[in-house]
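Colleague:
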Ligand SMILES: [Zn+2]
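Residue numbers (my numbering): 2 to 182.
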């Protein structure tokens with residue numbers, strides 16, 4: 002899953018507005034960011050694939066995309082948020098950041114073919130994935146549905162100041178400001 006992961010960021014921005022949107026966006030993709038670094042440094046292996054549902058075929062991704070790895074990354078992100086980021090929201094925000102990082106693995110589980118490990122880094126152990134990527138239409142419907150529903154949920158719950166702004170540019174200017182800051 003790629004853009005579907007961002008749904009969690011919009012939901013959490015409503016629940017805990019003190020977490021900046023850039024932190025939320027990075028939290029939902031934290032596991033893929035670590036995966037990219039592992040691939041660059043030849044710690045994890047993928048094969049480039051030329052079809053339209055996914056761009057890479059997973060060969061070995063135990064450290065970023067096992068449930069064990071995802072749990073470790075979720076704790077790392079939570080510790081960073083709570084003790085080093087200097088950002089607000091306390092324990093509630095920290096827990097939400099942890100859940101966002103972990104949510105990535107469960108969303109991937111729905112779409113990936115059987116290439117996700119559970120609580121092990123051993124690539125020979127059984128792997129899981131419900132394989133929705135096999136259907137381009139269904140996987141895109143899911144991703145688009147997740148992003149749109151969460152984004153409209155966000156708009157619905159944060160639009161008080163928008164209603165009061167009569168001018169179009171003031172309205173959207175203030176909206177964009179609100180989203181990113
Ligand atoms: Zn992923």
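For each residue, glycine too, the CB sits at the ideal point set by N, CA and C. Predicted model only: the values in this text are computed from it and were never measured.
1. Does the beta-carbon of residue 49, which I'm using as the reference point, lie nearer than 6 Å to any heavy atom of ligand 1?
2. Can you find a heavy atom of ligand 1 that lies under 6 Å from the Cβ of residue 41?
3. Quick check: what's the CA-CA separation for residue 19 versus residue 125?
4. Note down, in chain order, each residue of its chain lying with its Cβ closer than 6 Å to the Cβ of residue 66, except the 5 sequence neighbours on either side.
5. Could you pull out every unbroken alpha helix (DSSP H) segment of at least 4 residues lying fully inside the stretch 53-101, listed in chain order?
6. Tell me the rounded alpha-carbon separation between residue 136 and residue 160.
7. With a threshold of 7 Å on Cβ separation, who are the neighbours of residue 6 within its own chain once the five nearest residues in sequence on each side are excluded?
8. Return the CA-CA distance between residue 61 and residue 89, expressed in angstroms with no decimal places.
9. Compute the minimum distance between the beta carbon of residue 33 and the heavy atoms of ligand 1, and state whether it is under 6 Å.
Modeller: Inspection of the coordinates gives the following:
1. Because no heavy atom of ligand 1 lies under 6 Å away, the Cβ of residue 49 does not count as near it: no.
2. No - ligand 1 has no heavy atom lying nearer than 6 Å to the Cβ of residue 41.
3. Per the coordinates, the alpha-carbon of residue 19 lies some 42 Å from the alpha-carbon of residue 125.
4. In the same chain as residue 66, and ignoring 5 residues on each side of it, the C-beta atoms closer than 6 Å to its own belong to 117, in chain order.
5. The stretch 53-101 contains these whole alpha helix (DSSP H) runs: 63-66 and 68-80.
6. Roughly 36 Å separates the two Cα atoms.
7. For residue 6, where only same-chain residues beyond five positions count, the Cβ hits under 7 Å are 29, 30, 105 and 108.
8. For residue 61 and residue 89, the distance between alpha carbons rounds to 37 Å.
9. Remark: the shortest separation between the CB of residue 33 and any heavy atom of ligand 1 falls under 6 Å.
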